[in-house]
Amino acid sequence: MAFRLAPTSASEGFRLEAHDSVGSTNTVALDHARAGDPGKLWVVSKKQESGRGRRGRAWVSPEGNLAATLLVITGGELRLAATLGFVAGLSLADALDAVVPKGRIAIGLDGASQGQNRFELKWPNDVLASGAKLAGILLESAMLDGGRFAVAVGIGVNVVAHPTDLPYPATSLQALGATCDAETLFLALSDAWSENARLWDEGRGLSAIRRRWLARAAGLGGEVAVRIDGNVVRGVFETIDEDCRFVIRDDEGAVLTIAAGDVHFGAVASAGV
Numbered sequence: 000m001a002f003r004l005a006p007t008s009a010s011e012g013f014r015l016e017a018h019d020s021v022g023s024t025n026t027v028a029l030d031h032a033r034a035g036d037p038g039k040l041w042v043v044s045k046k047q048e049s050g051r052g053r054r055g056r057a058w059v060s061p062e063g064n065l066a067a068t069l070l071v072i073t074g075g076e077l078r079l080a081a082t083l084g085f086v087a088g089l090s091l092a093d094a095l096d097a098v099v100p101k102g103r104i105a106i107g108l109d110g111a112s113q114g115q116n117r118f119e120l121k122w123p124n125d126v127l128a129s130g131a132k133l134a135g136i137l138l139e140s141a142m143l144d145g146g147r148f149a150v151a152v153g154i155g156v157n158v159v160a161h162p163t164d165l166p167y168p169a170t171s172l173q174a175l176g177a178t179c180d181a182e183t184l185f186l187a188l189s190d191a192w193s194e195n196a197r198l199w200d201e202g203r204g205l206s207a208i209r210r211r212w213l214a215r216a217a218g219l220g221g222e223v224a225v226r227i228d229g230n231v232v233r234g235v236f237e238t239i240d241e242d243c244r245f246v247i248r249d250d251e252g253a254v255l256t257i258a259a260g261d262v263h264f265g266a267v268a269s270a271g272v
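Counting from 1, position 132 in the sequence shown corresponds to residue 131 in numbering that gives the first Met the number 0; the numbering is continuous, with no gaps.
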């Protein structure tokens, strides 16, 4: 099966560029933006040679996994464009729900039951299954002429393989018993993106995205540790605010709002990061 767009996505003017292998789908998308591409372009590949994660980390994507980037061109506020990562997380979780049969991947964070949510969203940019990282999201931007900028919304999913040498648990759809391939998942993702992007509405619907995201939030109400520039802050994960920043309450009752950091839950948070 070849990569293809969902009919809803194609009807809304999205386009698709599919590769067998690329260095980085984000790099390809931003190169297109600098060359004048108008956006609404999906760049997808089943193999990525030099993918990137947050803070310059490598993102390994062997053949059979999904590497997908949506190029968005906007003249709006970069602050609002940054919340596209939450649109991406919701879209991927919705897509996974659509393609993974019920009865699979039914346990949640640290082995606890997670009710109706088989896939959870970990702030700011991960999708979890059974408490392990299944997918990561990376937003990168570039300034363009005329006060516009390009945003590459990169989505990497462990479909057939996952790394085993990480300081946190990771998994893949195959390891969890699901038989979905990258092409099928992307088809569902392109459809789910259209729905969630309409809800987001250039940032005007961010409050609705926030509510949907919180309904899938991993670790909500539990103990967390957040590493920020080498320092560790601990508390209870209370919510995300109206700008989708991470909000915790520390042991002394103070409310802390965090714009960027690495979040750890449960036993890892208790033991130290």
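Cβ coordinates follow ideal geometry from the N, Cα and C atoms, glycine included.
- Message: Between the alpha carbons of A258 and A9, how many angstroms are there, rounded?
- Response: 35 Å
- Closest by CA to L175, which one among N157, W199, N25? N157
- Identify every residue that forms a DSSP beta bridge with E222. V235
- Answer with buried or exposed for V42, where buried requires no fewer than 16 other C-beta atoms within 10 angstroms of its C-beta. buried
- Message: Would A216 and L127 be called neighbours here (beta carbons separated by less than 8 Å)?
- Response: no
- Is A141 closer than 8 Å to A149 when the C-beta atoms are compared? yes
- Message: Here's the rule: buried if 16 or more other CB atoms are within 10 angstroms of the residue's CB, otherwise exposed. What is V254?
- Response: exposed
- Query: Counting along the chain, where does the beta strand (DSSP E) carrying V246 start and finish?
  - Reply: 245–248
- Message: To the nearest angstrom, how far is the alpha carbon of A224 from that of H263?
- Response: 5 Å
- Query: CB-CB under 8 Å to L314, same chain, minus the five flanking residues each way: which ones, in chain order?
  - Reply: Past the edges of the chain, shown from 0 to 272, lies residue 314, and the structure says nothing about it.
- Query: Which two residues bound the contiguous beta strand (DSSP E) that contains D125?
  - Reply: 125–128
- Assumed close pair K132, P168 - CB separation to whole angstroms, cut-off 8 Å: 7 Å
- Message: Check this for me: beta carbons of G229 and R248, under 8 Å apart or not?
- Response: no
- Between H18 and the rest of its own chain, which residues show a CB-CB distance below 6 Å, the 5 nearest in sequence each way excluded? S44
- Roughly how many whole angstroms lie between the Cα atoms of A134 and L198? 22 Å
- Query: Ends of the beta strand (DSSP E) at D96?
  - Reply: Per DSSP, D96 belongs to no beta strand (DSSP E); it is in the alpha helix (DSSP H), 83–98.
- Query: Counting along the chain, where does the alpha helix (DSSP H) carrying F185 start and finish?
  - Reply: 181–199
- Determine the contact status of L172 and C179, defining contact as a CB-CB distance below 8 Å. yes
- Message: Check for me: the alpha helix (DSSP H) holding L29 runs from which residue to which?
- Response: 24–33
- Message: Looking only at its chain, what residues have a beta carbon closer than 8 Å to the beta carbon of V240, apart from the 5 residues adjacent to it on each side?
- Response: Per the sequence presented here, residue 240 reads as Asp, with Val not at that position. Closer than 8 Å at Cβ, skipping near neighbours: V246, T256.
- Message: Taking the beta strand (DSSP E) that S20 belongs to, which residues open and close that run?
- Response: Here S20 belongs to no beta strand (DSSP E), and DSSP marks it neither H nor E.
- Just reading off the alpha helix (DSSP H) that A80 is part of, what are its end residues? 77–80
- Go ahead and label E119 buried or exposed: buried means 16 or more other beta carbons lie within 10 angstroms of its beta carbon, across all protein chains shown. buried
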